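Novice: Take a look at this one; I'll ask things after.
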Amino acid sequence: HNRGWSSTFNRLSDALDPQGSAGTITLLGDARSTYTRTTRMALAEKAVAYNMLSCGPNTPEILAVHPMGKIPALRDGEIDVWETEAIVNYLDECFDTGTSLRPGNITERTRALQWVSAINDYLYDTMVRRYVLQIISPKGEGGKPDRAVIDKALAEMPAQFAALDKAYSGSDFLGGSSLSAADLFLAPILAYVKVMPEGGALLAQYPNVARAHAAICARDSFITTQP
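Here it is, written out as structure tokens:
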């Protein structure tokens, strides 16, 4: 009953507060984080107003919400939500405004879920952790990028881009005919890869990925969340 009534009163507050949902919703994270940007894009697509509390991993603010100290996290009144996929699903189910982030049929929803899992389990590690972050925050000998790590990641990327190119062959969306959470998870990652030394040329080799990425880059949710 407490959870149910709290949610109901949060919605009533959203309707009556001059700030709208920003009166109860706070996003905790760092705007430079791809996962934080995914969540910000979801909030924009859902047309949900919010406050942003800038904080990094393992800070007191984030540890008060996320037991593992990772970013982002969300507070909606007394409700705490952590892990990006859970936050995006929460926003999509709680708010019937803006764009639905779940495709309309089971096949497309399943494809979108597959890609969210693949992005979290494989693409993020290859493209961000072992490529982008090695360049912008090098931890190699003498404070230089570790080329062995970067080269290994670059060698793995063509297979991942090829799978993405096939998925985007008939649509600008990974799930199929409409935007899904999967597209929001991928877009911030490709935005970083594209501006890295080898990344832009690699992306250009996969026309379907390049086309779909250009399409999402034109959306307001992407434009207004530039870190």
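In case it helps, the working numbering puts the sequence shown at residues 13 to 239.
Virtual Cβ for every residue (Gly too), placed ideally from N, Cα, C.
Here the structure is a predicted model, which is why all the values come from computation and not from measurement.
Per the contact definition of three or more C-beta pairs closer than 8 angstroms, is the stretch 96-112 in contact with the stretch 48-58?
Specialist: The stretch 48-58 vs the stretch 96-112: in contact.
Novice: Under a Cβ-count criterion, where at least 16 other Cβ atoms within 10 Å of its own Cβ denotes burial, should Ile235 be classed as buried or exposed?
Specialist: Ile235 should be labelled exposed.
Novice: What are the boundary residues of the alpha helix (DSSP H) that Arg64 is part of?
Specialist: The identity of residue 64 in the sequence shown is Met, whereas the question assumes Arg. Taken as a continuous stretch (DSSP letters only), Met64 belongs to no alpha helix (DSSP H), being part of the beta strand (DSSP E) at Asn63 to Ser66.
Novice: Go through its chain and collect everything with a Cβ distance to Ser192's Cβ below 7 angstroms, but skip five positions before and after it.
Specialist: So the list reads Leu113, Arg114, Pro115, Ala124, Phe185 and Leu186, once near-sequence residues are dropped.
Novice: Please go through the stretch 68-109 and give each complete beta strand (DSSP E) segment of 3 or more residues, from N-terminal end onward.
Specialist: The stretch 68-109 contains these whole beta strand (DSSP E) runs: 85-88 and 91-94.
Novice: Does the Cβ-Cβ distance between Gly41 and Pro69 come in under 7 angstroms?
Specialist: No, these two residues do not count as a Cβ contact at 7 angstroms.
Novice: Contact between the stretch 158-177 and the stretch 130-140 is defined here as three or more beta-carbon pairs at a separation below 8 angstroms; is this criterion met?
Specialist: A contact exists between the stretch 158-177 and the stretch 130-140.
Novice: Flag this pair as yes or no: are the beta carbons of Ile99 and Thr38 separated by less than 7 angstroms?
Specialist: It is not a contact, given that the beta carbons lie outside the stated cut-off.
Novice: Please list, in chain order, all residues of the same chain as Asp92 whose beta carbon is under 6 angstroms from its beta carbon, the five residues on each side excluded.
Specialist: Within the same chain, Asp92 has close Cβ partners Val77.
Novice: From the DSSP output, read off the bridge partner residues of Thr38.
Specialist: In the DSSP output, where bridge partners are listed per residue, Thr38 has Asn63 and Arg87.
Novice: Beta carbon of Thr20, beta carbon of Gly89: below 7 angstroms?
Specialist: For Thr20 and Gly89, no; Cβs fall outside 7 angstroms.
Novice: Tell me where the alpha helix (DSSP H) around Leu186 begins and ends.
Specialist: From DSSP, Leu186 is part of no alpha helix (DSSP H); its letter is neither H nor E.
Novice: Could you check if Ser189 is buried or exposed, using at least 16 other CB atoms within 10 Å of its CB as the buried criterion?
Specialist: Exposed.
Novice: Report, in whole angstroms, the separation of the C-beta atoms of Ala54 and Pro239, which I expect to be a contact under 8 angstroms.
Specialist: So it is not a contact: roughly 16 angstroms between Cβ atoms.
Novice: Indicate whether Tyr218 and Asp177 have their beta-carbon atoms separated by less than 7 angstroms.
Specialist: Yes, the Cβ-Cβ distance between Tyr218 and Asp177 is below 7 angstroms.
Novice: Tell me the rounded alpha-carbon separation between Arg121 and Pro79.
Specialist: Looking at the two C-alpha atoms, the distance is approximately 29 angstroms.
Novice: Between Tyr134, Gly154 and Ala199, which has its C-alpha nearest Glu168's C-alpha?
Specialist: Nearest of Tyr134, Gly154 and Ala199 to Glu168, Cα basis: Tyr134.
Novice: The alpha helix (DSSP H) that contains Gln146, what's its start and end?
Specialist: Note, Gln146: alpha helix (DSSP H), Leu145 to Ile148.
Novice: Specify, as a first and last residue, the run of the alpha helix (DSSP H) that Glu57 falls within.
Specialist: Element bounds for Glu57: Thr46 to Glu57.
Novice: If you measure between the beta carbons of Thr46 and Pro200, is that distance less than 7 angstroms?
Specialist: Closer than 7 angstroms, so yes.
Novice: Considering only C-alpha positions, which residue in the set Ala160, Val221, Val128 and Asn220 is nearest to Phe197?
Specialist: Nearest option by C-alpha distance: Val128.
Novice: Can you tell me which of the three DSSP states Ser192 falls into?
Specialist: It is coil, neither helix nor strand.
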